[in-house]
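Residue numbers (the working numbering), protein chains in the order written: chain R, 1 to 115; chain W, 1 to 112.
Beta carbons: idealized from backbone N, C-alpha and C, even for Gly.
Everything numeric in this text was worked out from a predicted model, so none of it was measured.
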Amino acid sequence: DAGITQSPRHKVTETGTPVTLRCHQTENHRYMYWYRQDPGHGLRLIHYSYGVKDTDKGEVSDGYSVSRSKTEDFLLTLESATSSQTSVYFCAIGSLAESSYNEQFFGPGTRLTVL
Amino acid sequence: SQQGEEDPQALSIQEGENATMNCSYKTSINNLQWYRQNSGRGLVHLILIRSNEREKHSGRLRVTLDTSKKSSSLLITASRAADTASYFCATESIQGAQKLVFGQGTRLTINP
């Protein structure tokens with residue numbers, strides 16, 4: 001999985017609790033992304049980062065925040081989880097190296113259930 | 001909203017047959033990419049075609065791009081049971097560089 005790990009891999013939590021998901025890369029890529037995958041919606045971008053402390057919103061950012069204090073770590077936080085945030089969350093990194101084309105490499109995913 | 005729409009949503013064929021999946025998109029793009037996802041796993045990049053290219057090959061994969069129709073197709077020749085997976089197209093638009101927008105995917109089942 002191209003040197004990308006996600007933790008935890010599975011989590012069950014209750015509505016209203018804060019949740020933080022971690023993405024860690026060993027590839028030293030500049031770009032990192034958080035997606036959610038739901039049936040009938042494919043993958044949707046939540047937030048992305050284009051460098052340390054540089055982040056921007058994606059298509060479905062409401063209810064989520066992110067932080068990137070180091071190149072290798074990108075954190076996704078649900079400040080107060082809701083049942084609608086039950087999903088599978090994927091982290092990805094983008095190379096944008098020599099080719100300048102944004103081929104992305106994905107982590108194994110985190111399955112989050114909010115009761 | 002989804003940039004890419006894929007067709008069909010599900011496809012079931014016999015091993016050895018060819019599988020064709022289609023993707024349509026809405027805005028001008030820098031490139032279009034295809035990814036595969038095995039059940040319970042992350043996505044894996046298969047092939048990228050740039051906006052100035054019309055066709056690209058990689059092993060048993062053939063991708064075409066028609067920018068005038070804003071559509072692409074992925075052909076998998078001589079399918080194998082191991083090709084069973086979901087396939088997604090993703091576009092990098094001119095306006096939203098560095099970001100990909102994914103379609104909903106095609107679920108491909110290869111029957112032995």
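Closer than 8 Å to chain R by CB, residue i
i	result
W:Leu43	yes
W:Leu108	no
W:Leu48	yes
W:Gln2	Residue placement at W:Gln2 is flagged as unreliable, the pLDDT there being 48, under the threshold of 50; the coordinate-derived value follows with that caveat. It does; some Cβ of chain R falls within 8 Å.
Inter-residue spacing [alpha-carbon to alpha-carbon] between residue i and residue j
i	j	result
R:Tyr33	R:Ala92	5 Å
W:Val101	R:Ser80	27 Å
R:Tyr64	R:His41	18 Å
W:Arg107	R:His24	29 Å
R:Asp54	W:Arg54	35 Å
R:Ser84	R:Thr113	9 Å
W:Glu17	W:Ile47	21 Å
W:Val44	R:Phe90	12 Å
R:Glu103	W:His57	17 Å
W:Ser1	W:Lys26	Annotation note: pLDDT 43 at W:Ser1 (below 50); position unreliable, coordinate value reported separately. Whole-angstrom Cα-Cα distance: 10 Å.
R:Leu76	R:Ser61	10 Å
R:Glu98	W:Ile49	Any reading at R:Glu98 is ruled out, since the residue's pLDDT is 47, under 50, leaving its predicted position unreliable.
Buried/exposed call for residue i, threshold 16 Cβ in 10 Å
i	result
W:Gly59	exposed
R:Val12	exposed
R:Thr10	In the sequence on display, residue 10 of chain R carries His and not Thr. Label assigned to R:His10: exposed.
R:Leu115	exposed
R:Val52	exposed
W:Ala90	buried
W:Asn38	exposed
W:Ser28	exposed
W:Gln95	exposed
W:Asn52	exposed
W:Asn111	exposed
R:Glu14	exposed
Proximity test, Cβ basis, 8 Å: residue i and chain W
i	result
R:Gln25	no
R:His41	yes
R:Asn102	yes
R:Phe106	yes
R:Phe90	yes
R:Gly3	no
R:Gly94	yes
R:Gly51	no
R:Tyr64	no
R:Gly109	yes
R:Leu112	no
Proximity of residue i and residue j at Cβ, strictly below 8 Å
i	j	result
W:Arg93	W:Gly105	The sequence given here places Ser at residue 93 of chain W; Arg does not occur at that position. Their beta carbons are not under 8 Å apart, which means W:Ser93 does not touch W:Gly105 by this criterion.
R:Gln6	R:Leu21	yes
W:Asn22	W:Ser79	no
W:Gln98	R:Tyr50	yes
- Task: Give, in chain order, every residue of the segment 74-105 of chain W whose Cβ lies closer than 7 Å to some Cβ of chain R.
- Result: Here the close residues are Phe88, Glu92, Gln98, Lys99, Leu100, Phe102, Gly103, Gln104, Gly105.
- Note down, in chain order, all residues in the segment 5-17 of chain W with a beta-carbon under 7 Å from any beta-carbon belonging to chain R. Sequence-ordered contacts of the segment 5-17 of chain W with chain R are nonexistent [C-beta pairs closer than 7 Å].
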